[in-house]
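Numbering (my numbering), first residue to last: 2 to 608.
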């Protein structure tokens, strides 16, 4: 969270992604002559049967009668926002075989490519608009490849483009058969509300169905999944089947698992839909100072920003109201405490938030850990607060080289933070409210990268919040990741998602709820959280942070996650009807913006 205006603080770890995309397939290959046994395998490549056989993102694809290259129809695709207007189809192919992919396109920055080849995925593109141009590229399938995805798409912010007469020439693949029954089903992580599962990959499978007690409860594209929403101290039976275009296999042998006892993380008497905001209590910026008594009733959780350490490694946290010289309208200590009690009397929760952009906290020693517990307890007791928000940013959390398993961390700054928070929870009991506000770099980036990696060289902060969240999940009231000031992040669909629209919030939130293999390791699956433990974090205005999302896009994200409508190109792994709500930086910036954020929240949920 920022004291001043927006600043992007995202590592260069993914900086090469955009360059790689732009460079892909910049050269157009010359098509070799097709062999006698070769045939055109693309289905409805001339779009004469509409979009039959094709899957297009959002509402970007449509069939038109002009302009066309051949026949009477062509595809018209229109990029919009974060949607690059991708249309694709899966084609059955033979292993170890050569293929030529070709299409006629009209428009600027139109791409043609193939993925899932088993060797080197290919693409080619055209820069200029004007007349129809033919794009052609070739590839060879891998030794076990039986299907590939062929696709076209445009580029963000460009006008509509047209595609016609797409062909994929090469030897036809063998008929698709129902895949074998998955073997090796086992549990990889168990909490009070979730069970993480993994199994052996099945050749020819395009997906998997997960069953609990004979009822399908989840789907997966790879050999792992996390089943959430379970009851503590309860035994469950799980099976899995494999699927492809031919159908579904029989169910695997069952594995049983008993969830752990609940830790009381959800017993905090929050409303079913909660609005969380940060109040600039210790400093002023361009948004102006807002007195506690002037915070509207819309806000259910008020995080006091910020408690900060006397030094980075001391663990000694201090909090004081904004000085009069900086905030002329600041209330007195007595007025502040009275206003907190008044908020609590009507059911609101007031927490101390530790860290922020300037408050680097590294609990590298047990002395710092103990000082953290003592000093945070003093702040909570002095102001009569309900709990703690952890907003560690920058270099507060990182993983030492060799610390590669989020389930059993060894880095002192991680271990000591977990221990400190557990001590605070034990001191204040089950009504203690615990929230966290990490950045995407420290959470969702863990799907691709974790710490310095098995061979070193990565940013050691990547995914560094995951062991903290995992260890404290049964004590955690709310996780509201900051879906802003972020670079592109890969979602569970293995596509990069960019902040600022509904798609980013949908993909990032779905990862928290469905769970994911950390650094791609299916033996180390981060289990999904309960939906009531998750809120979406957004900036309240364009001045508050990069990645501001309009109310209309916020509502689309809520519709998708809660109702599974308005999802665009991203398909969620579940319908998360119990999603807790929204968080924003900040109450002050929302007031500066005429309360747009909180008014939209109230209108959406009928408050």
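Where is the CB? At the ideal position from N, CA and C, for every residue including glycine.
All figures in this text were calculated on a predicted structure; none of them were measured in a lab.
Item: Residue 381: first and last residue of the uninterrupted beta strand (DSSP E) it sits in; Value: Where residue 381 is concerned, there is no enclosing beta strand (DSSP E), although the alpha helix (DSSP H) it sits in stretches over 367 to 384.
Item: Whole alpha helix (DSSP H) elements within the stretch 284 to 349, 4-residue minimum; Value: 334 to 346
Item: Stretch pair the stretch 120 to 134 + the stretch 78 to 93: three plus CB contacts closer than 8 Å; Value: no
Item: Ranges of the beta strand (DSSP E) found wholly within the stretch 54 to 93, counting only runs of at least 3; Value: 62 to 65, 75 to 78 and 88 to 93
Item: Buried versus exposed, by CB contacts within 10 Å (16 or more), residue 394; Value: buried
Item: DSSP beta-bridge partners of residue 453; Value: Answer by DSSP bridge pairing: none, since residue 453 is not bridged.
Item: Of the listed residues 103, 114 and 152, nearest to residue 52 (C-alpha basis); Value: 152
Item: Residue 624 versus residue 396 - alpha carbon distance; Value: There is simply no residue 624 to check, as the chain begins at 2 and stops at 608 in what is shown.
Item: Near the ligand GTP: residue 588 beta-carbon under 8 Å from a heavy atom; Value: The ligand GTP is not part of this structure, which contains no ligands at all.
Item: Cβ neighbours of residue 292 in the same chain (closer than 6 Å, five flanking residues each side left out); Value: 332
Item: DSSP three-state assignment for residue 466, whether helix, strand or coil; Value: coil
Item: Identity of the residues DSSP links to residue 536 by a beta bridge; Value: 582
Item: Rounded straight-line distance, which links the Cα of residue 494 to that of residue 554; Value: 20 Å
Item: Neighbour-count burial assignment, residue 357, 16 or more Cβ in a 10 Å radius; Value: buried
Item: Alpha-carbon to alpha-carbon, residue 284 and residue 327; Value: 7 Å
Item: Residues sharing a beta bridge with residue 99, DSSP; Value: 141
Item: Residue burial classification, residue 440 (beta-carbon count within 10 angstroms, cutoff 16); Value: buried
Item: CB of residue 322 within 9 Å of CB of residue 288, strictly; Value: no
Item: Of the listed residues 173, 180 and 202, nearest to residue 187 (C-alpha basis); Value: 202
Item: Residues that DSSP places opposite residue 483 in a beta bridge; Value: 440 and 538
Item: Every unbroken beta strand (DSSP E) within the stretch 148 to 196, with a cutoff of 3 residues, ordered by chain; Value: 148 to 154, 162 to 171 and 187 to 191
Item: Assigned exposure category for residue 107 - 16 Cβ within 10 Å defines buried; Value: buried
Item: Segment contact, 8 Å Cβ cut-off, at least three pairs: the stretch 69 to 82 with the stretch 39 to 57; Value: yes
Item: Bridge partner(s) assigned by DSSP for residue 522; Value: 519
Item: Pairwise C-alpha distance: residue 234 and residue 258; Value: 10 Å
Item: Assigned exposure category for residue 334 - 16 Cβ within 10 Å defines buried; Value: exposed
Item: Expected contact under 8 Å - CB spacing of residue 436 and residue 479 to nearest Å; Value: 4 Å
Item: Terminal residues of the beta strand (DSSP E) in which residue 213 lies; Value: 208 to 213
Item: Buried/exposed call for residue 504, threshold 16 Cβ in 10 Å; Value: buried
Item: Best match in 500, 558, 574 and 473 for proximity to residue 192 [C-alpha to C-alpha]; Value: 473
Item: With 16 other Cβ atoms within 10 Å as the buried cut-off, status of residue 36; Value: Low confidence applies to residue 36: its pLDDT is 44, below 50, so where it sits in the model is not reliable, and the reading given next is rough at best. By the neighbour-count rule (16 or more Cβ atoms within 10 Å), residue 36 is not buried but exposed.
Item: Residues near residue 565 by beta carbon distance below 8 Å, same chain, minus five either side; Value: 573 and 576
Item: Collapsed DSSP secondary structure at residue 128 in the structure displayed; Value: coil
Item: Status (buried if at least 16 other CB within 10 Å, exposed otherwise) for residue 417; Value: buried
Item: Proximity below 9 Å, CB of residue 434 to CB of residue 562; Value: no
Item: Residue 403, buried or exposed, once every other Cβ within 10 Å from all chains shown has been counted against 16; Value: exposed
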